[in-house]
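Here's the structure we're looking at; comments come further down.
There are 2 protein chains.
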Amino acid sequence: MVTITDVARHAGVAPSTVSYVLSGKRAISSTTRQRVLSSIRVLGYHPHAGARSLASNRSNVIALVLPLRSGMHLPVLMQFAIAVVTTARQYDHDVLLVTADEGPDGLRRVAASAMVDAIVLMDVELHDTRVPMLRELDRPSVLIGFPAEPDGLTCVDLDFFQAGAACVEHLASLGHRHVALLGAPPAVYERGTGFAQRTRAGFLDTADRLGLSGIAIACEEETDQVAASVHALLTRQPEVTGLVVHNEAAVGSIMAALAAHGRRVPDDISVVAICPDETAERTEPALSSVLIPAEEVGAQSVSLLMRKLEGELVPDASLLAPRLTVRASTAALPAGHAG
Amino acid sequence: MVTITDVARHAGVAPSTVSYVLSGKRAISSTTRQRVLSSIRVLGYHPHAGARSLASNRSNVIALVLPLRSGMHLPVLMQFAIAVVTTARQYDHDVLLVTADEGPDGLRRVAASAMVDAIVLMDVELHDTRVPMLRELDRPSVLIGFPAEPDGLTCVDLDFFQAGAACVEHLASLGHRHVALLGAPPAVYERGTGFAQRTRAGFLDTADRLGLSGIAIACEEETDQVAASVHALLTRQPEVTGLVVHNEAAVGSIMAALAAHGRRVPDDISVVAICPDETAERTEPALSSVLIPAEEVGAQSVSLLMRKLEGELVPDASLLAPRLTVRASTAALPAGHAG
DNA sequence: GATATCCGTCGAAGCGCTTCGACGTCGGCC
DNA sequence: GGCCGACGTCGAAGCGCTTCGACGGATATC
Numbered sequence: 001m002v003t004i005t006d007v008a009r010h011a012g013v014a015p016s017t018v019s020y021v022l023s024g025k026r027a028i029s030s031t032t033r034q035r036v037l038s039s040i041r042v043l044g045y046h047p048h049a050g051a052r053s054l055a056s057n058r059s060n061v062i063a064l065v066l067p068l069r070s071g072m073h074l075p076v077l078m079q080f081a082i083a084v085v086t087t088a089r090q091y092d093h094d095v096l097l098v099t100a101d102e103g104p105d106g107l108r109r110v111a112a113s114a115m116v117d118a119i120v121l122m123d124v125e126l127h128d129t130r131v132p133m134l135r136e137l138d139r140p141s142v143l144i145g146f147p148a149e150p151d152g153l154t155c156v157d158l159d160f161f162q163a164g165a166a167c168v169e170h171l172a173s174l175g176h177r178h179v180a181l182l183g184a185p186p187a188v189y190e191r192g193t194g195f196a197q198r199t200r201a202g203f204l205d206t207a208d209r210l211g212l213s214g215i216a217i218a219c220e221e222e223t224d225q226v227a228a229s230v231h232a233l234l235t236r237q238p239e240v241t242g243l244v245v246h247n248e249a250a251v252g253s254i255m256a257a258l259a260a261h262g263r264r265v266p267d268d269i270s271v272v273a274i275c276p277d278e279t280a281e282r283t284e285p286a287l288s289s290v291l292i293p294a295e296e297v298g299a300q301s302v303s304l305l306m307r308k309l310e311g312e313l314v315p316d317a318s319l320l321a322p323r324l325t326v327r328a329s330t331a332a333l334p335a336g337h338a339g
Numbered sequence: 001m002v003t004i005t006d007v008a009r010h011a012g013v014a015p016s017t018v019s020y021v022l023s024g025k026r027a028i029s030s031t032t033r034q035r036v037l038s039s040i041r042v043l044g045y046h047p048h049a050g051a052r053s054l055a056s057n058r059s060n061v062i063a064l065v066l067p068l069r070s071g072m073h074l075p076v077l078m079q080f081a082i083a084v085v086t087t088a089r090q091y092d093h094d095v096l097l098v099t100a101d102e103g104p105d106g107l108r109r110v111a112a113s114a115m116v117d118a119i120v121l122m123d124v125e126l127h128d129t130r131v132p133m134l135r136e137l138d139r140p141s142v143l144i145g146f147p148a149e150p151d152g153l154t155c156v157d158l159d160f161f162q163a164g165a166a167c168v169e170h171l172a173s174l175g176h177r178h179v180a181l182l183g184a185p186p187a188v189y190e191r192g193t194g195f196a197q198r199t200r201a202g203f204l205d206t207a208d209r210l211g212l213s214g215i216a217i218a219c220e221e222e223t224d225q226v227a228a229s230v231h232a233l234l235t236r237q238p239e240v241t242g243l244v245v246h247n248e249a250a251v252g253s254i255m256a257a258l259a260a261h262g263r264r265v266p267d268d269i270s271v272v273a274i275c276p277d278e279t280a281e282r283t284e285p286a287l288s289s290v291l292i293p294a295e296e297v298g299a300q301s302v303s304l305l306m307r308k309l310e311g312e313l314v315p316d317a318s319l320l321a322p323r324l325t326v327r328a329s330t331a332a333l334p335a336g337h338a339g
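Protein chains in written order, with UniProt numbering: chain C, 1 to 339; chain B, 1 to 339.
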């Protein structure tokens, strides 16, 4: 193993000088710096991470904590994770992956052993058991999602309220007067998942505000149950011509169920989804959608975390504005339906 | 911060004794051990990971390296990752997530800086640029997937050849004589991805061996291109009654395209897929399928890695046997088709 | 009963790095 | 021309841990 002493000897300087070249914490003459850097290159020197963290009290590693329940969609989770890693690398940090099945103790462990300098919590729920632990730890942290009591915590998320609102506004602008939301499975609402509830609130409030009739119903993910839900909806509320779907897994089944009922999209009914672009584009017809900006959220949370590590103050809540992409699944209300 | 010296003082022993209690590397009397352990609990001691890695030359962290191209399916990747983390924790190790967009240098960095003791490479391709780097590093490693020259490397994967074979055997046992494989997108074959090619080989060889007519074609993921492929297949080979699908993303579109052609599943045509159970069960009708045992592969690779870290010798290749689950999408060949 | 053996514990060295204070040198300033 | 501050570099201490050799005491061996 090549050590800092080897580099120092090779360059004809003291070890501390090598350290200062690397950290930039003291001025070093350009000629010395060049000499040191070239020795580093020649010898293939890589500082020992453990030694560095012991001496400096900084590991340059952040923890990425996966959600408790994998109710959330795996692909979106992965997009988050990739964005977090990529962004962390831009700040010269690495990412330790922590699963939640260790529970809050996993958090304490990686923090107390000084493995990580800071923590990103993914997919935070309203009553998340990891949050109290986070509070008693002294490490900077960022949450993706909002808990019930976000005071003093830094949280990042898509603005789901605005996302729900944007969908309704889009449908309203096309002339639709009767809209429905097919949401997450009932269990997701029951356990108080913030993003599902906020989408529903945005949907209902906006329908109300714009004078539309709006109905929000939960929706399971299995094909047959989806079919039943769609059936119930179309039977009881046949006047609905605008559908908002906030359930990525059920998108396919919902489209199939609509077809089975003889409702053509977008001729008879317009559909707008809240889901990744990928999903929206793989459907026939391609869905107008509000995307979950996983990359953006991941990158943003790491940037905030780095600023906190620098001692900077950052805003408590960062809500990323929804962006609605219009595709083939929404159209103006046909004349016959005008209400 | 609580240090080993604090614990030693509290328990009335030497720091080295505390260390030996924790590591078990020397005999310690039961009374001393109890006293030390209770001090550890009372004080809330967590060993400093950096100090430990500096002194012992072991970080108790492994690297999990994501694939170069995310051509692979994100959810499966995430399942792998979760399984790897969970298993690593059982061996008292943590997991550092490394993305491949750093390239092979990322590998060198985490290895040379002693951040990680060992490396798991996910989704290895036939000509994977990370493999040569792995060879010049001295760290133990395990690959998920097989490169072109796997000599001396430890590789784990589903046995895709057998998976392809199992699908054909299943169809053959139901009386089907004309089978087709709808595989990965052409680009995947072109860049020499092992699992796609081995599935195709298993499919073709077995069809041949059992005297079936078998045709393998690549298949894009976009709905309209899938429809075109299915159309071409059914038009040119109308006698096909057994379909093997090895393209998770296209499953839905393929089913839709079959329906559009008036082919009922499984009455007119049987379909068996190679995909996660989740996908198979979310389709209508539920698909008979060979699953990609992500959890098993992830767990297995970590177990092997730990054995290598202990200096044990492990087999070069571990192929996990495919398990075919029969669901509603396959049925006996109708009498009319008997060939 | 003396010697060899093992068990349980201690003390000290050292892992590779950062950082602080010290020191020599130079230029600017009155 | 002497003083001061800034600059560039060095040396040493110390971060918290593991591990090796040493050592006293109990146990086994002849």
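Think of the CB as a built atom: it goes at the ideal place given N, C-alpha and C, for glycine as much as any other residue. Computed from a predicted structure; not experimentally measured.
| Asked | Found |
| --- | --- |
| CA-CA distance, V13/C and Y91/C? | 28 Å |
| Run down chain C in chain order and give the residues with a C-beta less than 9 Å from the C-beta of M122/B. | Result: empty, since nearest Cβ-Cβ is about 11 Å, beyond 9 Å. |
| By DSSP, does T325/C sit in helix, in strand, or in coil? | strand |
| Between the stretch 74–100 of chain C and chain B, which residues of the former have a C-beta closer than 8 Å to a C-beta of the latter? | L74, P75, L77, M78, Q79, A81, I82, V85, T86, R89, D94, V95, L96, L97, V98, T99 |
| Using DSSP bridges, identify the partner residues of C155/B. | L143/B, A317/B |
| Hey, which unbroken runs of the alpha helix (DSSP H) at 4 residues or more fall wholly within the stretch 233–287 of chain C? | 251–260, 277–281 |
| Once the 5 residues before and after R323/B are set aside, which same chain residues still bring their CB inside 6 Å of it? | none |
| Using Cβ-Cβ distances below 7 Å, what residues of the stretch 41–55 of chain B are close to chain C? | H46, P47, H48, A49, G50, A51, S53, L54 |
| Per DSSP, what kind of secondary structure is A201/C in: helix, strand or coil? | helix |
| For S329/C, which option in T283/C, A11/C, V120/C, L319/C has the closest C-alpha, if you only look at C-alpha atoms? | T283/C |
| Could one say the Cβ of M115/C lies closer than 8 Å to chain B's Cβ atoms, at least one of them? | yes |
| What are the complete beta strand (DSSP E) segments, minimum 3 residues, inside the stretch 11–53 of chain C? | none |
| In three-state DSSP terms, what is V95/B? | strand |
| Suppose you measure from the CA of I144/B to the CA of V120/B; what does that come to, to the nearest Å? | 7 Å |
| Taking the CB atoms as reference points, tell me whether E125/B and R191/B lie closer together than 8 Å. | yes |
| What residue range is occupied by the uninterrupted beta strand (DSSP E) comprising A216/B? | 213–217 |
| So what does DSSP say about I119/C, is it helix, strand or coil? | strand |
| When the Cα atoms are used, what is the spatial distance from R52/C to A63/C? | 18 Å |
| Residues of chain B with CB closer than 7 Å to the CB of S59/C, please, in chain order. | G50 |
| Any idea which residues DSSP pairs H178/C with across the strands? | S213/C |
| Hey, how far is the Cα of I215/C from the Cα of S173/C? | 18 Å |
| Can you look up R85/B in the DSSP assignment and give me helix, strand or coil? | The displayed chain sequence assigns Val, not Arg, to residue 85/B. Note: V85/B maps to helix in three-state DSSP. |
| Taking 8 Å as the cut-off, decide whether the C-beta atoms of H48/C and S113/B are in contact. | yes |
| Which residues in chain B have a C-beta closer than 9 Å to the C-beta of G298/C? List them in chain order. | What G298/C touches in chain B: nothing, since even the nearest Cβ is about 12 Å away. |
| What distance in whole Å lies between the Cβ atoms of V240/C and V142/C, which are believed to be in contact at a cut-off of 8 Å? | Going by Cβ atoms, the distance from V142/C to V240/C rounds to 39 Å, so no, they are not a contact pair. |
| Helix, strand or coil, according to DSSP, for A100/B in the structure here? | helix |
| Counting beta carbon pairs with one atom in the stretch 151–163 of chain B and one in the stretch 185–204 of chain B, are three or more of them shorter than 8 Å? | yes |
| Does T199/C pass the burial test, meaning 16 or more other C-beta atoms within 10 Å, or should it be called exposed? | buried |
| Just to confirm before moving on: does the CB-CB distance between S270/B and T325/B stay below 8 Å? | no |
| Of the residues A249/C, D105/C, A280/C, which one's Cα is nearest the Cα of R327/C? | A280/C |
| In chain B, what lies closer than 8 Å to R264/C by C-beta? | Going along chain B, no residue has its Cβ under 8 Å from R264/C, so there is no contact; the nearest lies around 15 Å. |
| Could you tell me which residues DSSP pairs with S289/B in its beta bridges? | A273/B, T325/B |
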